[in-house]
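A.B. asks: One structure follows; several queries about it will come next.
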Amino acid sequence: MNILKDLGKGFYTLLFIAPLFWIIPALIEGLQHFVEVQLGMFTIGDGVQDGKEKAIRLLFGYFKVISITIPALLILKLAANQWDKRQLFPLTSFEKKVFIAVPLSLLLALIFVFYFSAPVVAWLNSLLNIPQGLLPFMPVILLLIPMALLRQPFLKMLLRLSGINIEGNSLSALIFLKY
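Throughout, my numbering is defined as the position within the sequence shown, counted from one, plus 153.
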């Protein structure tokens, strides 16, 4: 019976939180189109300078990523607090760090993929002669390197946000069997 109560409480809470996943990105999308029209990006001739369209659209894309990430982290916190909306705010100092670190790492990954991956892959290809079939996947492979290095602290941070504290230095499957 306790499981049904928790499920109902979670569903009721998500009913009010879930619109954040689409309302805020939709508002940002509307603002993006408003700015694009005001800057003349849809007119022929006197529009935005060549190359600026991509930067403007990527900037709004970054805001959309943040607007989806923050509600996802809030839902993790809600689940950790047994769906009690009263414990959602204020954020602790640890949670503030998480709410900055997660979107920032996603934004850095996007910035790398859109701006720096092509020259880095070309440079690596000149050094290592990477097979042509592998070249399109190199940005993702390059992103896996820092992810592999930072996997443990990042995962511990997200687990702690969701209410699971893991002591010790290593993450293994045996640790998760305790929970």
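Don't be surprised by glycine CBs; every beta carbon is placed ideally from N, CA and C.
Helix, strand or coil for T222, going by three-state DSSP, please let me know.
C.D. replies: Against the sequence shown, residue 222 aligns to sequence position 69. For T222, the three-state secondary structure derived from DSSP is helix.
A.B. asks: Going by DSSP in three states, M194 sits in which element: helix, strand or coil?
C.D. replies: Position 41 of the sequence shown, counted from the first residue, corresponds to residue 194. Coil at M194, not helix or strand.
A.B. asks: Tell me the residue span of the alpha helix (DSSP H) that contains F252.
C.D. replies: Mapped onto the sequence shown, residue 252 falls at position 99. Note, F252: alpha helix (DSSP H), S246 to I264.
A.B. asks: How many angstroms separate the CA atom of R313 from the CA atom of Q191?
C.D. replies: Taking the first residue of the sequence shown as 1, we reach residue 313 at position 160. Taking the first residue of the sequence shown as 1, we reach residue 191 at position 38. Approximately 44 angstroms between the Cα atoms of the pair.
A.B. asks: On the three-state DSSP scale, how would you describe F242?
C.D. replies: Looking up residue 242 in the sequence shown gives position 89. Note: F242 maps to coil in three-state DSSP.
A.B. asks: Under 8 angstroms, Cβ to Cβ, is there at least one residue of chain D near L229?
C.D. replies: Among the chains in the structure shown there is no chain D, since it carries only a single protein chain.
A.B. asks: Could you give the distance in angstroms between the alpha-carbon of E206 and the alpha-carbon of F213?
C.D. replies: Within the sequence shown, the letter at position 53 stands for residue 206. Within the sequence shown, the letter at position 60 stands for residue 213. Rounded to whole angstroms, E206 to F213 spans 11 angstroms at the Cα level.
A.B. asks: Exposed or buried, I228, counting other C-beta atoms within 10 Å across all chains shown (16 or more means buried)?
C.D. replies: To locate residue 228, count along the sequence shown from 1; it is residue 75. Counting Cβ neighbours within 10 Å, I228 comes out buried, since at least 16 surround it.
A.B. asks: Report buried or exposed for L302, applying the criterion of at least 16 other Cβ atoms within 10 angstroms of its Cβ.
C.D. replies: For the purposes of this step, residue 302 is taken as the residue at position 149 of the sequence shown. Counting Cβ neighbours within 10 Å, L302 comes out exposed, since fewer than 16 surround it.
A.B. asks: Comparing alpha-carbon positions, which option in W236, F265, G316 and I221 lies nearest I181?
C.D. replies: Numbered from its first residue, the sequence shown carries residue 181 at position 28. Closest option to I181, Cα to Cα, is I221.
A.B. asks: Can you tell me the Cα-Cα spacing of L261 and L231, whole angstroms?
C.D. replies: Start at 1 with the first residue of the sequence shown, and residue 261 comes out as number 108. Start at 1 with the first residue of the sequence shown, and residue 231 comes out as number 78. Looking at the two C-alpha atoms, the distance is approximately 27 angstroms.
A.B. asks: Would the beta-carbon of F242 fall within 8 angstroms of that of I223?
C.D. replies: Locating residue 242 in the sequence shown gives position 89, counting from the first residue. Locating residue 223 in the sequence shown gives position 70, counting from the first residue. Cβ atoms of F242 and I223: not closer than 8 angstroms.
A.B. asks: Can you give the Cα-Cα distance for F267 and F216, rounded to whole angstroms?
C.D. replies: Walking along the sequence shown from the start, residue 267 turns up at place 114. Walking along the sequence shown from the start, residue 216 turns up at place 63. For F267 and F216, the distance between alpha carbons rounds to 15 angstroms.
A.B. asks: I'd like the span of the alpha helix (DSSP H) that includes W236, first residue to last.
C.D. replies: Locating residue 236 in the sequence shown gives position 83, where the first residue counts as 1. Neither: W236 is in no alpha helix (DSSP H) and is coded neither H nor E.
A.B. asks: Tell me the residue span of the alpha helix (DSSP H) that contains Q305.
C.D. replies: Taking the sequence shown and counting its residues from 1, one reaches residue 305 at position 152. Its alpha helix (DSSP H) spans residues M291 to L314.
A.B. asks: Less than 8 angstroms between the C-beta atoms of S270 and P292, yes or no?
C.D. replies: Along the sequence shown, one-based indexing puts residue 270 at 117. Along the sequence shown, one-based indexing puts residue 292 at 139. Yes, these two residues count as a Cβ contact at 8 angstroms.
A.B. asks: With a 10 Å radius around its C-beta and 16 neighbouring C-beta atoms as the bar for buried, classify V274 as buried or exposed.
C.D. replies: To locate residue 274, count along the sequence shown from 1; it is residue 121. Buried.
A.B. asks: When the Cα atoms are used, what is the spatial distance from K249 to S315?
C.D. replies: Locating residue 249 in the sequence shown gives position 96, counting from the first residue. Locating residue 315 in the sequence shown gives position 162, counting from the first residue. Whole-angstrom Cα-Cα distance: 14 angstroms.
A.B. asks: Using the Cα positions of I294 and L288, report the straight-line distance between them to the nearest angstrom.
C.D. replies: For the purposes of this step, residue 294 is taken as residue 141 along the sequence shown, with counting starting at 1. For the purposes of this step, residue 288 is taken as residue 135 along the sequence shown, with counting starting at 1. If you take the alpha carbons of I294 and L288, they lie about 10 angstroms apart.
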